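Just below is one structure, and these are the notes that go with it.
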Amino acid sequence: MTTATATTLDAEAIGRISDHLGEPDWLREHRASWWLRAEETPPPTGLEEEWRRTDLAALPRDGALLAEAPQLEIDLPAGAAEAGVVVADLRTAVREHPDLVRRYLGTAAGQASHAHFWALAQAAWTGGVFCHVPRGVTVDGTVVVRTRLDRADATYLPVTLVIAEEGAALTLLEEVSSPDGGAGWFGGIVEVIAGQEARVRYANLQQLGDGAWNIGSQRVVVGQDANVTTLNAEIGSKVTKVGLDVQMTGKGGTSRLLGLLAAGDDQHIDINSDQDLHASYTTSDLLYLSALYDRARAAFYGVTKVRAGSRQTSSYQECRNLLLSPTAGAEPIPVLEIETNDILRCGHGATAGAIDPTQLFYAQSRGMDAEAAERMIVRGFFEQVVGQIHDETIRERVLAALARRIGFAEEQAA
Amino acid sequence: MALPNPTSPNPALGQIPDSYRYGWSDPEQPRTTFEKGISAEIVAEISRIKGEPDWMTKLRLKAYRHFEARPMPTWGADLAPIDFQDIYYYVTGTDKAAQSWDDVPDYIRRTYDKLGIPEAEKKYLAGVGGQYDSEVIYHNIREDLEKQGVIFLGTDEALKKYPEIFREHFGTVIPANDNKLAALNTAVWSGGSFIYVPKGVHVELPLQAYFRINTENMGQFERTLIIADEGSSVHYVEGCTAPTYSTASLHSAVVEIIVKKGARVRYTTIQNWSHNVYNLVTKRAVAHEDAVMEWVDGNLGSKVTMKYPSIYLLGERAHGEVLSIAFAGDDQHQDAGGKIIHAAPNTTSLITSKSISKGTGRTSYRGLVKVYPGCEKSKSTVRCDALILDEEARSDTYPYMEIDEEDVTIGHEATVSKVGSEQLFYLMSRGLSEAEASAMIVNGFIEPIVKELPMEYAVEMNRLIQLQMEGAVG
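Structure representation (structure tokens):
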């Protein structure tokens, strides 16, 4: 059951979270120091390049903070627990695996554009996911963690921590949903840490209610020869402003960032990404696809940074927008900052446009009505990402969620 | 000659109060030298020396107030070292002649020699002695143009000779308050070209500032205004590929172009200022129904360049193109690109950018494609390629897009690469030196733009790239 305390966030309120959850001193101090950081790092003013396209003036800051986070629904494949894999609510993990949590919680400042919100969640989290896969352990199957908020109007700032130690392998789907009809603030932050040669697939399926403000940031740290794929499926919310922060810190690491955005009504979805290639022989590719209906708007501002001294890196950024209504809009802005000449491959592409009328005409000439033809073309447009989702559970869940917006019936798993 | 009647005065003028504070009516002797720095008095004095009409004096003063009020841009290149009070804003002919050939930096003199620039032209380019005897050629071309009714004058002269058409168009494309540097230019402008091409007239030869080289066409704050009336066409060429030496550290030009229904304008710039110059330029064109506007923009010189030639596609089926090429060597930052605003249906545009950074040089492509609601069937393609030649060199791409219309096709693509070692190996195995091979690859890379240049520029550009690659140029 969910209870909420109506408070403005201040140092005292942060202390009360620790009292309420009966937390150890180290965590109390952790929250207090992050609260200081949140105060020292003011919220975005809207003049920052990353925040020019999303106005925070109407962010519902006065909602009650959820003191009792909802119970997580966790599907853990058989045998994982025995192999030492921990998947738990963050509060539970603090009690049961304090050393592990202490080692990984809040070790970095997070993405510069979201520094304020990152610090705020580190200070004021009341729930979240803790997932730890020990060295050399492969989780067979898909870990699924669902957060179903039962209130639309609350403030919830959860922290998700996903750690795959050296040589570990994990596929995890995190789903969040909330009811329609209230202005809530969902400020979830995610940190995925892949150790040397680890393989992580992290998917985030966002189905928040139609009044929700989703202001999040995902930090991905890719170690030497590690391989990380993230997928964000943004379906719900009124306003989504998510930052992706990929740190290629180990030689030979690979990351792939996939995104599917299906938005309608007056939805506003704004993604900004930082792909930071610090290390040599790293690869980082990004592919975000948006289908925009009604008066929906999608903004994408992505920066690929190849640092001086990083040799033989490879990166590509691609952002495509399908405009399905005369009043939909898109602002895809892929930025490159390249500080060395020793690059293997580097580039970006961005497009925006309507469905090619010859495609529609062809489909209709084969007997489809205009709506069915449009559905099929949108589904085909998304295939560029969907085809890269190899995990069946994730593919089915994501397609089912997309169906709500783009209208096609659920598909058989291929 | 038939000139259109000004139907409405410049709307910007209406906002100027009649009793402005800086009236200047002392009948004193004109100053021959100006002190460094800028003030309302200096702005008014420039206008007075030029004997300008009252409206221009007022516009200059209004622009000066905008310049004072606006903050410096915080994005793009580092502009912090510019000290606006340490700059001469008006230099008379006698001041210019004081410059000596001995003051011209060695690297520029060496480049002239290697390019084989004639002696008289060298001195002109170096800013030593403002005369280059092209009068004979110029005279013939001028007669030919006059027969067709084409006006091609220095901007100051045009204000005196054609006050109506001048006032009708001046500042309508780039208003005085557009940005801080455009405001500065409007306040202190001097020199530049004025071109009017009457209805249906096609100017066959490219018009080059070269032809009237004894006027101040390469001024520090030049102001160019081109009007292509309905169904006409003209190609204007500004600058030159050879290095242009200047003692002034700030160059801030404004170029306004009006392409009327069915007309076609191409504006080619090759900028090769010496490496002490901040080159901050505002260039904008409006293209009406069925008009075609093309910017060919080359940036080789200067310390810092910030320049984004823009095209506002205002009429149906208007087409705009920006071809941009940038070369940044040691300590140079070329922040260039282009802007296209689709403000009418069925408009099309193409931006092609090729940039090369070498040594510690930095090139940035910065561009915008904006499509307003209702501009259906608009199409735009942006293509940016960057070549990074050295490990310390840097390249950035900032392509902004704002699409508010569904029925459009908008695409952007960029690549960044280095000179492939296989390519080099192959060419060197055929007997070329490494520098020759690199130059050949770089020349191939920029070829799509060089082939759009007039022949003599293209030849000089290729030689210049060759020199740059050999490290023979500063």
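As given, the protein sequences belong to chains R and F, one line each in that order.
So for the first sequence, the working numbering puts the first residue at 1; every next one is plus one.
So for the second sequence, the working numbering puts the first residue at 1001; every next one is plus one.
Backbone N, C-alpha and C fix where the C-beta goes; we use that ideal spot for every residue, glycine too.
These figures come from a predicted structure and were not determined experimentally.
Spell out the partners DSSP gives residue i in its beta bridges.
i	result
T155 (chain R)	R:L65 and R:W185
H1333 (chain F)	F:V1304 and F:R1362
C131 (chain R)	R:V87 and R:V162
D266 (chain R)	Note: D266 (chain R) sits in no beta bridge, so no partner.
V1188 (chain F)	None, per the DSSP bridge assignment.
S280 (chain R)	DSSP lists no partner for S280 (chain R).
H1251 (chain F)	F:N1279
R1284 (chain F)	F:E1256 and F:S1310
V1197 (chain F)	F:A1228
Can you name the residues of chain R whose CB is closer than 9 Å to the CB of residue i?
i	result
I1465 (chain F)	Chain R residues near I1465 (chain F): none, gap ~17 Å exceeds 9 Å.
T1409 (chain F)	T351, A352, G353, A354 and D356
A1224 (chain F)	Residue identity differs from the one stated: residue 1224 (chain F) is Thr in this sequence, not Ala. In chain order: nothing, as chain R lies at least about 31 Å away.
T1057 (chain F)	Within 9 Å Cβ-Cβ: nothing; T1057 (chain F) doesn't reach chain R, min ~36 Å.
Closest by CA to residue i, which one among the options?
i	options	result
V1281 (chain F)	F:Y1308, F:K1303 and F:A1318	F:Y1308
L208 (chain R)	R:T254, R:Q267 and R:V86	R:Q267
E166 (chain R)	R:P158, R:G127, R:S178 and R:V133	R:V133
G1262 (chain F)	F:V1237, F:V1292, F:H1275 and F:V1234	F:V1292
Y104 (chain R)	R:T160, R:Y156, R:L324 and R:R135	R:T160
P1105 (chain F)	F:I1311, F:A1318, F:N1276 and F:V1369	F:N1276
V385 (chain R)	R:T230, R:T92, R:A119 and R:T358	R:T230
G349 (chain R)	F:I1341, F:K1370, F:V1150 and F:A1414	F:A1414
Q224 (chain R)	R:R199, R:T126 and R:L244	R:R199
I1151 (chain F)	F:V1304, F:T1172 and F:F1194	F:F1194
D140 (chain R)	R:L172, R:L90, R:K241 and R:T358	R:L172
List the endpoints of the continuous alpha helix (DSSP H) containing residue i.
i	result
W1055 (chain F)	D1054 to A1069
Q384 (chain R)	A370 to V386
Y362 (chain R)	P357 to S365
D25 (chain R)	D25 to E40
L1464 (chain F)	M1455 to M1469
W125 (chain R)	Unbroken run through W125 (chain R): none, as it is neither H nor E.
V398 (chain R)	E392 to I406
Which residue comes first and which comes last in the beta strand (DSSP E) that contains residue i?
i	result
H1412 (chain F)	V1408 to S1417
M1231 (chain F)	Sequence inspection shows Gly at residue 1231 (chain F); the Met mentioned does not correspond to that position. Careful: G1231 (chain F) lies outside any beta strand (DSSP E) and carries neither H nor E.
N1443 (chain F)	Not the beta strand (DSSP E): N1443 (chain F) falls in the alpha helix (DSSP H), residues E1434 to V1450.
T1155 (chain F)	Per DSSP, T1155 (chain F) belongs to no beta strand (DSSP E); it is in the alpha helix (DSSP H), T1155 to K1161.
F1327 (chain F)	H1319 to A1328
S1380 (chain F)	S1378 to I1388
S18 (chain R)	It is not in any beta strand (DSSP E) - S18 (chain R) instead sits in the alpha helix (DSSP H) that spans A11 to L21.
M248 (chain R)	V239 to M248
L149 (chain R)	Note, L149 (chain R): premise wrong, no beta strand (DSSP E); not H, not E.
Assuming residue i and residue j form a contact by the criterion Cβ under 8 Å, report the distance between their Cβ atoms to the nearest whole angstrom.
i	j	result
V1254 (chain F)	A1285 (chain F)	Their Cβ separation, rounded to whole angstroms, is 12 Å, which puts V1254 (chain F) and A1285 (chain F) out of contact at 8 Å.
G259 (chain R)	G211 (chain R)	Between G211 (chain R) and G259 (chain R) the Cβ distance is about 23 Å, and since that is not below 8 Å, they are no contact.
L257 (chain R)	V246 (chain R)	7 Å
L277 (chain R)	K251 (chain R)	Not really, about 11 Å apart at Cβ, beyond 8 Å.
A194 (chain R)	V222 (chain R)	5 Å
L56 (chain R)	P43 (chain R)	7 Å
G1329 (chain F)	Q1466 (chain F)	About 14 Å separates the two Cβ atoms, so there is no contact after all.
T1352 (chain F)	R1317 (chain F)	Actually they do not touch by this definition, with Cβ atoms about 21 Å apart.
V129 (chain R)	V145 (chain R)	5 Å
List, in chain order, every chain F residue whose beta-carbon is nearer than 7 Å to that of residue i.
i	result
E339 (chain R)	R1394
G167 (chain R)	Result: empty, since nearest Cβ-Cβ is about 33 Å, beyond 7 Å.
S325 (chain R)	E1406
List the residues of chain R whose Cβ lies closer than 8 Å to the Cβ of residue i, in chain order.
i	result
K1418 (chain F)	N341, D342 and I343
T1347 (chain F)	Chain R residues near T1347 (chain F): none, gap ~14 Å exceeds 8 Å.
I1388 (chain F)	I338, T340, N341 and I343
H1412 (chain F)	P332, P334, H348, G349, A350 and T351
T1360 (chain F)	Chain R residues near T1360 (chain F): none, gap ~11 Å exceeds 8 Å.
T1415 (chain F)	C346 and G347
T1282 (chain F)	Near T1282 (chain F) there are no residues of chain R at all, since even the closest Cβ is about 22 Å away, more than 8 Å.
Give me the chain F residues within the contact set of residue i, using Cβ-Cβ distance strictly less than 8 Å, ordered along the chain.
i	result
E331 (chain R)	Y1400, M1401, E1402 and I1403
A328 (chain R)	E1406
For the ligand SAH, I want to know if residue i counts as a neighbour, meaning its beta carbon is within less than 7 Å of at least one of the ligand's heavy atoms.
i	result
L90 (chain R)	In terms of ligand content, the structure shown is empty, and the ligand SAH therefore cannot be addressed.
Which residues in chain R have a C-beta closer than 7 Å to the C-beta of residue i? List them in chain order.
i	result
T1155 (chain F)	Those within 7 Å of T1155 (chain F) in chain R number zero; the least Cβ separation is about 36 Å.
E1391 (chain F)	T340, N341 and D342
T1268 (chain F)	Correct list: empty, because the minimum Cβ distance to chain R is about 27 Å.
T1352 (chain F)	Here the premise fails: no neighbours, minimum Cβ distance about 15 Å.
Could you tell me which chain F residues have their CB closer than 9 Å to the CB of residue i, listed as they occur along the chain?
i	result
A308 (chain R)	E1391, E1392 and R1394
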